[in-house]
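Enquirer:
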């Protein structure tokens, strides 16, 4: 009986990985359509269907490394008023980070080995990994050590608590969820104060997160194992 369950579990995991690879291939073939203009031309005119359409795109992006999430964040800023755009970005980001997390959670150790082999930078996460799971997810999202979807797969595979993972991920991405729709709203006027300030804030936050991560790593090395 145990052997049959193990075989079924292996087939299930293989099926998940195969489905993920198929979606990746489709996204690669049609990646030229994942632009702000392409999304705007495909989005429904009415607000509710457009919101559902955008959330579906976030779900699709969640398992594709070929789509830049900032495009979706910015498109929401064009399609909706700023408060609605930010809310949709938060909901969409929750979907985007959750689906690959659960795929990684189901796949388990085999997924960790594949990610480590393909992305050597994952060793930085392993050195950073502590009992503070929320902090790990927060820093990993802010620093962008790995592509978003690969990071989600890895953190799911290593068994990070989902509530801490989701809270840390959303908080780590929050600035982008706010600044990108502002950029989208002012895309036709890149010299506007709102556009330039948003760019400046985003750049400063990225520099600060990388600097903070470097200081944290330096302190850990100084403190020793």
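Residue numbers (my numbering): 624 to 848. Glycine included, C-beta positions come from ideal geometry on N, C-alpha and C. A quick note: this is a predicted structure, and the numbers were derived from the prediction, not measured.
What does the Cβ neighbour count give for residue 766, buried or exposed, with the cut at 16 atoms within 10 Å?
Expert: Counting from 1 along the chain shown, the entry for residue 766 is found at position 143. Buried.
Enquirer: Taking residue 673 as part of the alpha helix (DSSP H), name the residues at either end of that continuous run.
Expert: Numbered from its first residue, the chain shown carries residue 673 at position 50. Looking at the DSSP string, the run of the alpha helix (DSSP H) that includes residue 673 is 670-684.
Enquirer: Only counting the same chain, and skipping five residues up and downstream in sequence, which positions put a Cβ closer than 7 Å to that of residue 725?
Expert: Here the question's residue 725 lines up with position 102 in the chain shown. Contacts found: 779.
Enquirer: Could you tell me the boundaries of the alpha helix (DSSP H) in which residue 738 lies?
Expert: Locating residue 738 in the chain shown gives position 115, counting from the first residue. Counting along the chain, the alpha helix (DSSP H) containing residue 738 begins and ends at 732-741.
Enquirer: Which two residues bound the contiguous alpha helix (DSSP H) that contains residue 802?
Expert: Residue 802 sits at position 179 when you count from the first residue of the chain shown. 785-808 is the span of the alpha helix (DSSP H), which, as asked, contains residue 802.
Enquirer: Given this structure, state the Cα-to-Cα distance separating residue 709 from residue 715, to the nearest angstrom.
Expert: Mapped onto the chain shown, residue 709 falls at position 86. Mapped onto the chain shown, residue 715 falls at position 92. So the alpha carbons of these two residues sit roughly 10 Å apart.
Enquirer: Assess, as a yes-or-no matter, whether the segment 817-836 is touched by the segment 716-723 under the definition of 3 or more beta carbon pairs within less than 8 Å.
Expert: Counting Cβ pairs under 8 Å, fewer than three are found: no touch.
Enquirer: Let me know the secondary structure DSSP gives residue 775 once reduced to three states.
Expert: Here residue 775 refers to the residue found at position 152 when the chain shown is read from its first residue. Three-state DSSP puts residue 775 in a helix.
Enquirer: If residue 774 and residue 763 are in contact, beta carbons under 8 Å, what's the gap, nearest whole angstrom?
Expert: The residue you call residue 774 lines up with position 151 of the chain shown. The residue you call residue 763 lines up with position 140 of the chain shown. Between residue 763 and residue 774 the Cβ distance is about 6 Å, and since that is below 8 Å, they are a contact.
Enquirer: How long is the line joining the alpha carbons of residue 717 and residue 682, rounded to whole angstroms?
Expert: By one-based count along the chain shown, residue 717 stands at place 94. By one-based count along the chain shown, residue 682 stands at place 59. Approximately 9 Å between the Cα atoms of the pair.
Enquirer: What residue range is occupied by the uninterrupted alpha helix (DSSP H) comprising residue 659?
Expert: Counting from 1 along the chain shown, the entry for residue 659 is found at position 36. 659-665 is the span of the alpha helix (DSSP H), which, as asked, contains residue 659.
Enquirer: So, at 8 Å on beta carbons, what are the nonlocal neighbours of residue 830 in its own chain, with the 5 sequence-adjacent residues on each side left out?
Expert: Here residue 830 refers to the residue found at position 207 when the chain shown is read from its first residue. Excluding sequence neighbours, residue 830 sits near nothing in its chain.
Enquirer: By the 10 Å Cβ neighbour count, where 16 or more other Cβ atoms means buried, how is residue 671 classified, buried or exposed?
Expert: Here residue 671 is taken as the residue at index 48 of the chain shown, counted from 1. The residue in question, residue 671, is exposed, as its Cβ has fewer than 16 Cβ neighbours within 10 Å.
Enquirer: Just tell me which of 812, 820, 833 and 819 has its CA closest to the CA of residue 701.
Expert: On the chain shown, residue 701 is found 78 positions in, with the first residue counted as 1. The residue with the shortest Cα to Cα distance from residue 701 is 812.
Enquirer: Which same chain residues, not among the five before or five after residue 807, have their C-beta less than 8 Å away from its C-beta?
Expert: Within the chain shown, residue 807 is the residue found at index 184, counting from 1. For residue 807, where only same-chain residues beyond five positions count, the Cβ hits under 8 Å are 659, 696, 697, 698, 699, 700, 701 and 708.
Enquirer: Closest by CA to residue 797, which one among 665, 676, 761 and 733?
Expert: The count along the chain shown starts at 1 and reaches residue 797 at position 174. Of 665, 676, 761 and 733, the residue nearest in Cα terms is 761.
Enquirer: Give the single residue among 727, 713 and 833 whose Cα lies nearest to the Cα of residue 686.
Expert: If you number the chain shown from 1, residue 686 lands on position 63. Nearest of 727, 713 and 833 to residue 686, Cα basis: 727.
Enquirer: State the start and end residues of the unbroken alpha helix (DSSP H) segment that holds residue 815.
Expert: Along the chain shown, read from residue 1 onward, the residue named residue 815 stands at position 192. From DSSP, residue 815 is part of no alpha helix (DSSP H); its letter is neither H nor E.
Enquirer: Cα separation between residue 669 and residue 675?
Expert: Counted from its first residue, the chain shown places residue 669 at position 46. Counted from its first residue, the chain shown places residue 675 at position 52. Between residue 669 and residue 675, the C-alpha separation is close to 10 Å.
Enquirer: CB-CB under 7 Å to residue 684, same chain, minus the five flanking residues each way: which ones, in chain order?
Expert: By one-based count along the chain shown, residue 684 stands at place 61. Closer than 7 Å at Cβ, skipping near neighbours: 690, 692, 695 and 719.
Enquirer: Residue 829 by DSSP, collapsed to three states: which one?
Expert: Position 206 of the chain shown, counting from 1, holds the residue named residue 829. The answer is helix: DSSP assigns residue 829 an H, G or I state.
Enquirer: Under 8 Å by Cβ, that's how I've got residue 735 and residue 777 pegged, so tell me the actual separation to the nearest angstrom.
Expert: Locating residue 735 in the chain shown gives position 112, counting from the first residue. Locating residue 777 in the chain shown gives position 154, counting from the first residue. That pair is a contact at about 7 Å.
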